[in-house]
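Q: One structure, pasted below without further comment.
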Amino acid sequence: MNRRELISIGVLTLLITCMEITGIPSAFFVEIHLADIEPFYFTLMVNFLIIGLFAFLYLRTLCPQWRLGFTKTGLAAGLKQYGAMGAAAAVVGFAAFYLGLSPFDRQPSIGKVLVEGILYYVGVAIIEELYVRGLLLNLMERLFAKRKNSALLAVALSSVVFGLGHVFGVLGQPPLVIVSKILWTVGMGLFFGMAYRKTGNLWVPVLLHFWVDVGALPYCFSSVSGYANVTLWIVVPLYVFLGIYSVVEMKRRA
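Quick note: to get the numbering used here, add 2 to the position in the sequence shown (first position is 1).
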């Protein structure tokens, strides 16, 4: 175990986490107004590019042997095994958000739907999978290498971090919404982590992450920002089930 490398990865993970949550540094100099698109989406997308470039240079300089899994190897097999489940989760999620938000009170431009409902989530999927699975999960697994079920432990703990990280998006909302958000994102994290650990390919959870995030497309057509009860009743059990399935799958194939 290369202690220096692990410390460097830990530092990088913390830096990316702070950059992603705060929008720094692009929040200081990027403010683009275009049609009906919310300016902060451009700010965050520019920040994703900065994070990606920073991570690439950092890893290449300080941790050249660290393998994230951005390769073709295992991609086809991973999508064959887990793609249908991810697509089904995306469809169910879309239906849950649609039911919870209808009737809709906005008529967004095509550009707004494209940027806020699709392009933005490309960046979210890549950056979050980069530092949660590619960095944090791998770091934890190496730290727990001497423990039994180190892979499962790393997947579980990184998923809890992933879930807690989404609390910032629901601060100020009712406790039920906050708890529900944590539960479903932890379950989602378990699914992504399991898929990554089983395939060794980071593109697999990136694509799964992107698909389920695009399921939130109905929000482009509504001024509502919270979650209706009917949405929670559908989405929370869905991802709790996927989380349990992922744990069982990890144990079964350990």
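For each residue, glycine too, the CB sits at the ideal point set by N, CA and C.
1) Please identify the residue among Trp205, Thr201, Tyr198 and Phe193 whose C-alpha is closest to the C-alpha of Val242.
2) Based on Cα-Cα distance, which residue from Asp38, Phe44 and Glu7 lies nearest to Tyr60?
3) Quick check on the DSSP output: the alpha helix (DSSP H) that includes Ser182 runs from which residue to which?
4) Buried or exposed: Arg135, going by 16 or more other Cβ atoms within 10 Å of its Cβ?
5) Counting along the chain, where does the alpha helix (DSSP H) carrying Trp213 start and finish?
6) Which value, in whole angstroms, describes the spacing of the CA atoms of Leu185 and Ala97?
7) Expressed to the nearest angstrom, what Euclidean distance is found between the alpha-carbon atoms of Leu139 and His211?
8) Out of curiosity, what's the CA-to-CA distance linking Phe56 and Thr187?
9) Mapping the DSSP letters down to three states, classify Leu173 as helix, strand or coil.
10) For the alpha helix (DSSP H) that Arg6 lies in, which residues bound it at each end?
11) Report the residue from Cys20, Val249 and Gly245 whose alpha carbon sits nearest the alpha carbon of Glu130.
12) Any idea what DSSP makes of Leu36, helix, strand or coil?
13) Would you decide whether Asn203 is buried or exposed? Buried here means 16 or more other CB atoms lie within 10 Å of its CB.
14) Given Val237, which residues of its chain have a CB within under 7 angstroms of its CB, disregarding the five upstream and five downstream residues?
15) Quick one: Cα of Lys148 to Cα of Met142, how far?
16) Between the segment 9–17 and the segment 25–39, are three or more C-beta pairs nearer than 8 angstroms?
A: From the atom records:
1) Start at 1 with the first residue of the sequence shown, and residue 242 comes out as number 240. Residue Phe193 is the option with its Cα nearest to Val242.
2) The count along the sequence shown starts at 1 and reaches residue 60 at position 58. Comparing Cα-Cα distances from Tyr60 to each of Asp38, Phe44 and Glu7, the minimum goes to Glu7.
3) Your numbering for residue 182 matches position 180 in the sequence shown. For Ser182, the enclosing alpha helix (DSSP H) stretches over residues Pro177 to Thr201.
4) Position 133 of the sequence shown holds residue 135. Here Arg135 is buried: its Cβ has 16 or more other Cβ atoms, across all protein chains shown, within 10 Å.
5) Along the sequence shown, one-based indexing puts residue 213 at 211. Segment Trp205 to Val216, the alpha helix (DSSP H) holding Trp213.
6) Sequence index remark: in the sequence shown, residue 185 carries index 183 (1-based). Sequence index remark: in the sequence shown, residue 97 carries index 95 (1-based). Take the alpha-carbon of Leu185 and the one of Ala97: they are about 19 angstroms apart.
7) Position 137 of the sequence shown holds residue 139. Position 209 of the sequence shown holds residue 211. Answer to the nearest angstrom: the Cα atoms are 16 angstroms apart.
8) For the purposes of this step, residue 56 is taken as the residue at position 54 of the sequence shown. For the purposes of this step, residue 187 is taken as the residue at position 185 of the sequence shown. Distance between Phe56 and Thr187, taken at the CA atoms: about 26 angstroms.
9) Along the sequence shown, read from residue 1 onward, the residue named residue 173 stands at position 171. The three-state reading of DSSP puts Leu173 in coil, since its state is none of H, G, I, E or B.
10) As a first step, residue 6 must be located in the sequence shown, where it is residue number 4. Unbroken alpha helix (DSSP H) run through Arg6: Arg5 to Thr24.
11) Taking the first residue of the sequence shown as position 1, residue 130 is located at position 128. Ranking the options by Cα distance to Glu130, first place goes to Cys20.
12) The sequence position of residue 36 within the sequence shown is 34, counting from 1. Strand.
13) Position 201 of the sequence shown holds residue 203. Looking at its Cβ environment, which holds 16 or more other Cβ atoms inside 10 Å, Asn203 is buried.
14) Counting from 1 along the sequence shown, the entry for residue 237 is found at position 235. Excluding residues within five positions, the ones whose Cβ falls inside 7 angstroms are Gly95, Ala98 and Trp186.
15) Here residue 148 refers to the residue found at position 146 when the sequence shown is read from its first residue. Here residue 142 refers to the residue found at position 140 when the sequence shown is read from its first residue. Taking the straight line joining both Cα atoms gives about 11 angstroms.
16) The segment 9–17 vs the segment 25–39: no contact.
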